[in-house]
Amino acid sequence: MRSTQPVLSHAFVSPIILVFSTLLLQVSLTDAAGGGGGGQWQLLQPSIGISAMHMQLLNNDRVVVFDRTDFGRSNLQLAAGVVCPKNSKDCTAHSAEYDVGGNTFRPLTVQTNVWCSSGVVTADGALIQTGGSFEGERTVRVFKPCNNNDSAECDWREINLGLAKKRWYSTNHILPDGRQIIIGGLTEFNYEFYPKDADNKVYDLPFLAETYDKAGVENNLYPFVFLNVDGNLFVFANNRAILLDYVRNQVVKTYPEIPGGDPRCYPSTGSAVLLPLKINIDARNVEAEVLVCGGAPKGSVNQAWRGEFVRALNTCARIKITDPKPEWVVETMPSARVMGDMILLPNGNVLLINGAGAGTAMWELGRNPVLNPVIYRPGNEVASRFELQNPTTIPRMYHSAAVLLRDGRVLVGGSNPHSGYNFTGVLYPTELSLEAFSPSYLDNPNLQPVIVMPASQTKLKLSYSQEFWVRFRLTGTELDPSSLSTTMVLPSFSTHSFSMNQRLLVLPMKGQVNSLGKSTYEVTVRAPGSANVAPSGYYLLFVVHQEIPSQGVWVHIS
């Protein structure tokens, strides 16, 4: 990011310090690798040619990936016949489409700089991506899922000056009416909508100015934004939150400051999720809780600029945002973590993955990679919610990302804590690989339910409150109806440790589970009751038995 503070570069670090830092890295890798639990790692691609700074799963099981256009030359060539982007400095690709089923990838073309941008998938399945840096700050880009590899037909389309304000480090969220709201950005204490209002209006949000760190390190960028079940927006920046009625541009609730008062937003980067929404059969009184984990203590950014890398926060804080008098409840993680991603798994658990144990976000300011993912079980008692998982061997530092896939794995990529593609002579080389983390629920495929109907290729169309049936097979174990659930997951836009628009719905089941013979069962479930709970769009539907999810099938609700 732009700053008047000096950014540390290894060009200014003595060889003795570099050797000592390397030894510390080796110690931290050794320590992190110990005490692993469940889960398995698989290297999918040693290199896709670009670093996965931003990722989004689309409803054709392909993931759109991009980094930034001013890194210098990437390791991915543009498709044959594609003219160099108008603003290109190197005429290589800085975006790619990864085909999950085929484990293949192809280059895409972005014309303007997408560095530190944001996005939303709209009801029709298109990725609407906004902002970035320099010439890309007011650009809107559209990518529609398609099943061919024709770069002329299946690529980014850009809308110049599609935004009213410059949006760098902003957060987007899909709204019940199908629009998206774009909140904040560097020195932008306001929000706007896309598609634009008729008068292209921008709405002031003083809360963002109030949470701006006067020391010059912001700490309110990429605010955590979630659509509450009442249709208002929970907005968390720095160390506190509000409930925003964006229709009337009014703050309708102010939440307590997070205990300890330490910042949790960029660059003191923690992460956050809206915990699973459990829908009652009458669709009333749905409770909503937010979980915020990790971050960096006050002053960590300035200390990191001076070469002092402070231990990251090892706490999570949880708050029921629908309570009349909500209070934060603090829990302790197995390890400190900054720049970690939080992913909702199909069974309602939360995966904490990626990040560092010390320092902050921004160029070369993170230390001590955290290689072990952690599972958080929100339904357990407080003392038994965290479960350590097996480690990766690849540090995923600044500019890494993670997304849930339809088969229940988590796609992990990125890590480029430098201002260019640096593969040698640095503490943490630029990472172009893609990995998949398989949580322990995938250890025994025979225990997984298999959805028979609806079939994935049909992309069942649902209406709000509609009752529909799900047929599934369960061959590896006896059915326990008390441990059966159906969930819907809205895929998220992942960047800078925050998964925008991520939400999981636990659907109510009506009546008994019917046995159809031959280990096949059928259950009637009810779709969510409103767009406040489930904005219109494509979701992944899962059957979960004894915390083991099926593969998902795509459904569409409107």
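When you line the sequence shown up against mature numbering (1 follows the signal peptide of the UniProt record, and there is no 0), it's residues -32 to -1, 1 to 526, in that order. For glycine and all other residues, C-beta sits at the position ideal for the given N, C-alpha and C. In this text, all values refer to a predicted model and were calculated from it rather than measured experimentally.
| Query | Result |
| --- | --- |
| Cβ neighbour criterion (16 or more within 10 Å) applied to residue 232 | buried |
| Where residue 103 falls: helix, strand or coil (DSSP) | helix |
| Nearest-angstrom Cα separation, counted from residue 205 out to residue 374 | 31 Å |
| Host beta strand (DSSP E) of residue 306 (start-end) | Neither: residue 306 is in no beta strand (DSSP E) and is coded neither H nor E. |
| Euclidean distance between Cα positions of residue 189 and residue 153 | 6 Å |
| Rounded C-alpha distance that separates residue 129 from residue 493 | 44 Å |
| Identity of the residues DSSP links to residue 284 by a beta bridge | 261 and 299 |
| Residues near residue 330 in its chain [Cβ-Cβ closer than 6 Å; skip 5 each side] | 235 |
| Other residues of its chain near residue 439: CB distance less than 6 Å, five sequence neighbours each side excluded | 420, 421 and 490 |
| Closest Cα partner of residue 48 within the set 54, 41, 61 and 449 | 61 |
| Whether residue 379 touches residue 21 by CB criterion (8 Å) | no |
| When 360, 505 and 401 are compared against residue 430, the one with the closest alpha-carbon | 505 |
| Option in 42, 447 and 319 with minimal Cα separation from residue 58 | 42 |
| Candidates 81, 101 and 146, of which the one nearest residue 124 by Cα | 81 |
| Beta-carbon proximity of residue 328 to residue 269, cut-off 8 Å | yes |
| Closest Cα partner of residue 400 within the set 7, 12, 6 and 8 | 12 |
| Range covered by the alpha helix (DSSP H) that runs through residue 273 | 268 to 273 |
| Beta-carbon spacing of residue 396, residue 40 below 8 Å | no |
| CA-to-CA distance, residue 192 to residue 88, given in whole angstroms | 14 Å |
| Beta bridge counterpart(s) of residue 203 as assigned by DSSP | 193 and 210 |
| Coarse secondary structure for residue 350, derived from DSSP in three states | helix |
| Rounded C-alpha distance that separates residue -8 from residue 387 | Because the pLDDT of residue -8 is 41, which lies under 50, any placement of that residue in the model is unreliable, and the number read from its coordinates should be weighed accordingly. Roughly 21 Å between the two C-alpha positions. |
| Beta-carbon proximity of residue 313 to residue 372, cut-off 8 Å | yes |
| Contact check, residue 551 vs residue 366, beta carbons under 8 Å | No answer is possible for residue 551: it lies beyond the span of the chain, which begins at -32 and ends at 526. |
| Rounded separation between residue 229 and residue 502 - CA only | 32 Å |
| Backbone CA spacing between residue 84 and residue 479 [nearest angstrom] | 47 Å |
| Cutoff 6 Å; reference residue 271; Cβ partners in own chain excluding five residues on either side | 278 |
| beta-carbon residue 65 near the ligand ZN non-hydrogen atom, thresh 7 Å | The ligand ZN is not among the ligands present in this structure, which contains no ligands whatsoever. |
| Residue 167 to residue 472 span [Cα, whole Å] | 35 Å |
| Under 8 Å between C-beta atoms of residue 110 and residue 120 | no |
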